[in-house]
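Q: One structure, pasted below without further comment.
Number of protein chains: 2
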Amino acid sequence: MSEEDRLRIVPLGGVGEIGKNMMALEYGEDMLLIDAGLMFPETDMLGIDIVIPDISYVTQQAERLRAIILTHGHEDHIGALPYVLSKVEAPVYGTKLTLGLAEVKLREHHLQDRVQMRTIQPRDVLTLGPFSVEFFHVCHSIPDTVGLAITTPVGLVVHSGDFKFDPHPMDGQLTDFAKLQELGERGVLLLLSDSTNAELPGFTPSEKRVGETLDRVFSAAPGRVIVATFASNVSRVQQVIGTAQRYGRRVGFVGRSMVKNMRMASQLGYLGIGPDELLTPEEMNGLPDERVVIVCTGSQGEPTSALARMAMGEERHITLRRGDTVILSAEPIPGNEELINHTIDNLFRAGADVHYHLLSDVHVSGHGSQEDQRLMLNLTRPRYFVPIHGEYRHLVLHSRLAQQSGIPDQNIFVVESGQALELSAEACRLGERVAASHVLVDGLGVGDVGHVVLRDRHQLARDGFLVAIVALDMDSGEILVEPEILSRGFVYMRDSERLIELAREQVWQALEHVGPRSAVSAKIKDALGELCYQQTGRRPIILPVVMEV
Amino acid sequence: MSEEDRLRIVPLGGVGEIGKNMMALEYGEDMLLIDAGLMFPETDMLGIDIVIPDISYVTQQAERLRAIILTHGHEDHIGALPYVLSKVEAPVYGTKLTLGLAEVKLREHHLQDRVQMRTIQPRDVLTLGPFSVEFFHVCHSIPDTVGLAITTPVGLVVHSGDFKFDPHPMDGQLTDFAKLQELGERGVLLLLSDSTNAELPGFTPSEKRVGETLDRVFSAAPGRVIVATFASNVSRVQQVIGTAQRYGRRVGFVGRSMVKNMRMASQLGYLGIGPDELLTPEEMNGLPDERVVIVCTGSQGEPTSALARMAMGEERHITLRRGDTVILSAEPIPGNEELINHTIDNLFRAGADVHYHLLSDVHVSGHGSQEDQRLMLNLTRPRYFVPIHGEYRHLVLHSRLAQQSGIPDQNIFVVESGQALELSAEACRLGERVAASHVLVDGLGVGDVGHVVLRDRHQLARDGFLVAIVALDMDSGEILVEPEILSRGFVYMRDSERLIELAREQVWQALEHVGPRSAVSAKIKDALGELCYQQTGRRPIILPVVMEV
């Protein structure tokens, strides 16, 4: 494989992890980016708002970037776009709804005027440098999702996007079986395919299955129906609106992101009702209960979401009452179960009847299960296979399916983000590793919180801190005033007078036997650390401050 | 209902919440306690080790306490025993294994010699003051579990314990159908029944179902088999040992609590092998791989558990390798999914083959599902029903089953911990509310961490803290040295020189326009809070210290 005519595939996120999907495709002097997603922080990323990919690999060679291609409008595929576009310039390609949702994000960052957005449709073919990119429709939990067939100088690369083979999609648009089969006949060098549901047997059920549950619940509901789902699950909201219309109910939205996204989806014609037809909060309360449907955020129990606020009796416009019916139309994302359970408990306490995933078919996934994945493999019949979009175990399980489909073990590459692959028409091998770790966004800071700050936050979260301040006479070294002890998150200070007194004594003692002035701080720190542990079994962060006055 | 001849039932934990099960039964001058469990902290209880019931209600009338009765040996039923017995005195009744596990706990607190432990057997009848307590066997995920039939002056109260109707229990001991039916015929005034699995349809499968999976996995495993489960799931460990013996493998334990509990279970004769037959760590590594089974802690992905350490390559004795087979023989407890997923990913990365709940029948619950609950209701046919052992939604769903079984709505009481119930032979009504909240144990502190400390820990976890120290001349009010700025968990200090400089300037400015000396601190705090938010979008805890020297 010569250096010049190799294709490089560089996963920068979303491989071996969930979310922040991003991948670079390179050939010669040209580079494409596929998706620019964010992920939500893991539990141990304390205080972090969102997590985006490290794009230093891209910014270092920004002049090679020809385009950013978006497969669909979910956060984990478009959420990092503002951060990427504030560093590099490139036109952004996507379907109408995808770009609509991307624009909502860019507006929040005041970037909408600086970016070229180019709308594509399934079956469109774009020429971008040495690449010819053909879009094909796939079913997912949001309309207008596409996969990519990229003709490169070394062969055809198929990127599945997020997909499932829904036999009865809400918008009537099937995954493009014909195109996939045609690609398979043309000859696929490499398939990159969605691994998210590699743990689940069978086919993922049709979105239609949720419609049956909605029908059953709506037909029995005596009062208001409140449906919580993801603010980006446009397909689900379409279904709720359709069901509401059949039962003579009108629909309003609650929750910032839901209102914003659905206003846009409605304007673009995806919801089947115009923005003017949506209920205002006043109308939600003014209409008879049996004519009202409220669609809101909070299906993951997020404490500040509309549903959690309703459950706690803290939502400004909506007060729950007996007779209300709540549907949590989602499944828990791992890590959110406890918050969701608390919300469900509070909804029951408020008197509502609650339908959730353990009791009813209130949700189906937008990702294909094992049989969908197998079908994708068998339609495209790739020479090489790389499982993407999943955590490590999903990649392993997906690779087992590929083996069962007849792809030789040595042609399957289970890699993680940052591990480049190099392809020629005859070979595929591991390339170099590039930087592809997490960039943590905390408030206004992008990447300024790292290992040290997080480690301190962990210790602070567990045991708090204690600061001891001593003022010494610069010349004599004498202590000028009683040492000051401050603490938060360690013990309840008002009830801890004795401990504080002991701490002061430790400081005095440490200073009594003082050797060189520079050793004073370390001595105080050790003495106080030991005292705290011995008295409480806790290890707060200890900061001694010696001021020479 | 006269004050004297009423029976009081006071749930002190485990009703409307999972864990820390504890309930008081009172009549006249006598009180019984049923169970004394702990719960593990919820995610937002930062830094907390365990959570125990508030027993102030019991300690205030300690002289009335006749006995503590334990239904079985799980942490959520016996874990608070050392804390309770350090405050009140009473004999403890339980089956052999239950008391064995309780003794392990008491030893840790050096209380074993101060407590009277009295072993009972199913069908035993105890007279305790006005109560006659009959024990009956129920199936659960630990042998020697009992329910209670308590004859009181007002009628018969049945407490199910944690139960399921396993048709094929490991130890051959069925739940005591005959006794339950007899109780039903005798006439049950009140049933208190386990609600944990009220969300799940059907009967909970037999523990035997796991045996089939173990057989399948053991017969195909090329090397070592590593099984992670709860340290208290004695039934599961019994099965693993039985399977190991059939496949000519020997068994060793790894993980502190597993080793301790199983040594005791082995000594008492529950494991079918003596303590001497267990593999030492050296033997685990010395024997051929295909003769070794390791049973360990870590089925919930706990970061310091044996399995998580193995997955990270940090376990002292066991280093994973290709050919190892790992079984996570448990289901995720809500809140632990993320940790479990990380562990599974790391196990796959280490080259092991991993079997877990999404892929195989590696676990069945020890709690009955809806049909078990229904059967309990229909065998005992109680006049009044109170769902216990479950979070609020479980209680609501269990109460719906009771309604379906013909118990009138007004005879069903969905209450939460602390809500007393008063019964006569003819009536049941809500009594007073008593203190029954959480007592948080953090290190050596029992109950000293409360709302204020937790709130501070939350803020510290999210945004850290910043301390500004100024030394003023006591007389002139002049600043004596450059203000000192300290911070942790807020920004990375080494990269934040400019921010620290700005903070110092704010302090100078605040002091320049100083009014009364007492207002200086508040002024500095406001100025720095604003600076931090404006520069970083974060809100650290700000502590100004003004020292007058």
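Heads up: the protein sequence lines correspond to chains A and B, in order.
Per our numbering, the first sequence runs over residues 1 to 549.
Per our numbering, the second sequence runs over residues 1001 to 1549.
Note that CB positions come from ideal geometry on N, CA and C, so glycine has one too.
Note that the structure is a prediction, hence the values are computed from the model and not measured.
Output needed for residue 553 of chain A: all residues of its chain with C-beta closer than 8 Å, excluding positions within five of it in sequence on either side, in chain order.
A: Here chain A has residues from 1 to 549 only, and residue 553 of chain A is not among them.
Q: Taking the alpha-carbon of residue 122 of chain A as reference, which of A/69, A/109 and A/170 has the nearest alpha-carbon?
A: Along the first sequence, read from residue 1 onward, the residue named residue 122 of chain A stands at position 122. The shortest Cα separation from residue 122 of chain A among A/69, A/109 and A/170 belongs to A/69.
Q: Got a sec: is the Cβ-Cβ distance from residue 310 of chain A to anything in chain B below 7 Å?
A: Here the question's residue 310 of chain A lines up with position 310 in the first sequence. Output row for residue 310 of chain A: interface = no.
Q: So with CB distances below 7 Å, who are the chain B contacts of residue 396 of chain A?
A: Position 396 of the first sequence, counted from the start, is the residue given in the question as residue 396 of chain A. Under the 7 Å cutoff, chain B gives 1348.
Q: Is there a Cβ from chain B that is less than 7 Å from the Cβ of residue 372 of chain A?
A: Walking along the first sequence from the start, residue 372 of chain A turns up at place 372. So no, residue 372 of chain A is outside the interface.
Q: Start and end of the beta strand (DSSP E) containing residue 1142 of chain B?
A: On the second sequence, position 142 is the one that residue 1142 of chain B refers to. Taken as a continuous stretch (DSSP letters only), residue 1142 of chain B belongs to no beta strand (DSSP E), as it is neither H nor E.
Q: Which two residues bound the contiguous alpha helix (DSSP H) that contains residue 1370 of chain B?
A: Start at 1 with the first residue of the second sequence, and residue 1370 of chain B comes out as number 370. It spans 1370-1380 - the alpha helix (DSSP H) in which residue 1370 of chain B sits, taken as one unbroken run.
Q: For residue 1341 of chain B, go through chain E and note every residue whose CB falls closer than 7 Å to its CB, in chain order.
A: This model lacks chain E altogether; the protein chains it does include are A and B.
Q: Does any residue of chain A have a CB that is nearer than 7 Å to the CB of residue 1482 of chain B?
A: Locating residue 1482 of chain B in the second sequence gives position 482, where the first residue counts as 1. So no, residue 1482 of chain B is outside the interface.
Q: Please confirm whether residue 1468 of chain B and residue 1441 of chain B have their CB atoms less than 7 Å apart.
A: By 1-based counting over the second sequence, the position of residue 1468 of chain B is 468. By 1-based counting over the second sequence, the position of residue 1441 of chain B is 441. Cβ distance not < 7 Å, so residue 1468 of chain B and residue 1441 of chain B don't count as in contact.
Q: Under 7 Å between C-beta atoms, does residue 1489 of chain B make it to chain A?
A: Position 489 of the second sequence, counting from 1, holds the residue named residue 1489 of chain B. True, the Cβ-Cβ gap to chain A drops below 7 Å.
Q: Assign residue 1463 of chain B to one of three DSSP states: helix, strand, or coil.
A: Here residue 1463 of chain B refers to the residue found at position 463 when the second sequence is read from its first residue. Reduced to three states, the DSSP call for residue 1463 of chain B is helix.
Q: Tell me which residues share the same chain as residue 1064 of chain B and place their Cβ nearer than 8 Å to its Cβ, disregarding the 5 neighbours each side in the sequence.
A: Counting from 1 along the second sequence, the entry for residue 1064 of chain B is found at position 64. Taken in chain order, the residues that qualify are 1026, 1029, 1030 and 1031.
Q: Starting from the beta carbon of residue 492 of chain A, find every residue of chain B whose beta carbon is closer than 8 Å, and list them in chain order.
A: Mapped onto the first sequence, residue 492 of chain A falls at position 492. Near residue 492 of chain A (Cβ distances below 8 Å), the residues of chain B are 1448, 1449, 1450, 1452 and 1453.
Q: Can we say the region 1414-1432 of chain B touches the region 1382-1390 of chain B, given the rule of at least three CB pairs closer than 8 Å?
A: The answer is yes - the region 1382-1390 of chain B touches the region 1414-1432 of chain B, with three or more Cβ pairs under 8 Å.
Q: Using a Cβ cut-off of 7 Å, which residues of the region 1533-1548 of chain B contact any Cβ in chain A, in chain order?
A: Listed by position, the residues of the region 1533-1548 of chain B near chain A (Cβ gap below 7 Å) are 1536, 1537, 1538, 1541, 1543, 1545 and 1547.
Q: By a C-beta neighbour count over all protein chains shown, 10 Å radius and 16 as the cutoff for buried, is residue 11 of chain A buried or exposed?
A: Within the first sequence, numbered from 1, the residue matching residue 11 of chain A stands at position 11. Under this definition residue 11 of chain A is a buried residue.
Q: Residue 177 of chain A: which of A/192, A/170, A/171 and A/166 sits nearest, CA to CA?
A: What you label residue 177 of chain A is simply residue 177 of the first sequence in a count that begins at 1. For residue 177 of chain A, the nearest C-alpha among the options comes from A/166.
Q: For residue 1465 of chain B, return the contacting residues in chain A, with the cut-off set at a CB-CB distance below 8 Å.
A: For this step, residue 1465 of chain B is matched to residue 465 along the second sequence. Those within 8 Å of residue 1465 of chain B in chain A are 460, 465 and 488.
Q: Return helix, strand or coil for residue 1271 of chain B, following the three-state DSSP convention.
A: Numbered from its first residue, the second sequence carries residue 1271 of chain B at position 271. Coil, per DSSP.
Q: Counting Cβ pairs, one atom from each stretch, are 3 or more of them under 8 Å apart for the region 1209-1229 of chain B and the region 1288-1295 of chain B?
A: Touching, per the Cβ criterion.
Q: Give the single residue among A/489, A/347, A/446 and A/411 whose Cα lies nearest to the Cα of residue 190 of chain A.
A: On the first sequence, residue 190 of chain A is found 190 positions in, with the first residue counted as 1. Nearest option by C-alpha distance: A/411.
Q: Tell me which residues share the same chain as residue 46 of chain A and place their Cβ nearer than 8 Å to its Cβ, disregarding the 5 neighbours each side in the sequence.
A: Within the first sequence, the letter at position 46 stands for residue 46 of chain A. If we look at residue 46 of chain A and ignore the five residues flanking it on each side, its Cβ neighbours are 454, 457, 458 and 461.
Q: Let me see if you follow: with CB-CB separation under 7 Å, is residue 43 of chain A close to chain B or not?
A: As a first step, residue 43 of chain A is located in the first sequence; it is residue number 43 there, counting from the start. With 7 Å as the cut-off, residue 43 of chain A counts as an interface residue toward chain B.
Q: Roughly how many whole angstroms lie between the Cα atoms of residue 542 of chain A and residue 1465 of chain B?
A: For the purposes of this step, residue 542 of chain A is identified with residue 542 of the first sequence, where counting begins at 1. For the purposes of this step, residue 1465 of chain B is identified with residue 465 of the second sequence, where counting begins at 1. Cα to Cα, residue 542 of chain A sits roughly 13 Å from residue 1465 of chain B.
Q: Would you say residue 1311 of chain B and residue 1285 of chain B are within 7 Å of each other, going by their C-beta atoms?
A: By 1-based counting over the second sequence, the position of residue 1311 of chain B is 311. By 1-based counting over the second sequence, the position of residue 1285 of chain B is 285. Not closer than 7 Å, so no.
Q: Spell out a yes or no on whether the region 1187-1202 of chain B and the region 1364-1375 of chain B are touching, meaning 3 or more CB-CB pairs, one atom from each, closer than 8 Å.
A: The region 1187-1202 of chain B, when compared against the region 1364-1375 of chain B, does touch it at the 8 Å Cβ threshold.
Q: Would residue 267 of chain A be called buried (16 or more neighbouring beta carbons within 10 Å of its own) or exposed?
A: Residue 267 of chain A sits at position 267 when you count from the first residue of the first sequence. It counts as exposed.
Q: Do residue 301 of chain A and residue 333 of chain A have their beta-carbon atoms positioned less than 7 Å apart in this structure?
A: The residue you call residue 333 of chain A lines up with position 333 of the first sequence. The residue you call residue 301 of chain A lines up with position 301 of the first sequence. No, these two residues do not count as a Cβ contact at 7 Å.
Q: Taking 7 Å as the CB-CB cut-off, is residue 500 of chain A touching chain B?
A: The sequence position of residue 500 of chain A within the first sequence is 500, counting from 1. Chain B contact via Cβ: absent.
Q: Determine the direct distance from the alpha carbon of residue 352 of chain A to that of residue 1160 of chain B, and round the result to whole angstroms.
A: What you label residue 1160 of chain B is simply residue 160 of the second sequence in a count that begins at 1. What you label residue 352 of chain A is simply residue 352 of the first sequence in a count that begins at 1. Those two C-alpha atoms are separated by around 29 Å.
Q: For the region 410-487 of chain A, list the beta strand (DSSP E) runs that are entirely contained and at least 3 residues long, ordered along the chain.
A: Counting only runs of 3 or more, we get 419-423, 428-433, 438-442 and 465-472.
Q: Given a limit of 8 Å on CB to CB distance, which residues of the region 426-448 of chain A reach chain B?
A: Listed by position, the residues of the region 426-448 of chain A near chain B (Cβ gap below 8 Å) are 442, 443, 444, 445 and 448.
Q: Please check if any C-beta of chain A sits within less than 7 Å of the C-beta of residue 1469 of chain B.
A: Numbered from 1 along the second sequence, position 469 holds the residue referred to as residue 1469 of chain B. Closer than 7 Å: yes.
Q: Would you say residue 1570 of chain B and residue 1067 of chain B are within 7 Å of each other, going by their C-beta atoms?
A: Lying before the first or after the last residue shown, residue 1570 of chain B is absent from chain B, which here runs from 1001 to 1549.
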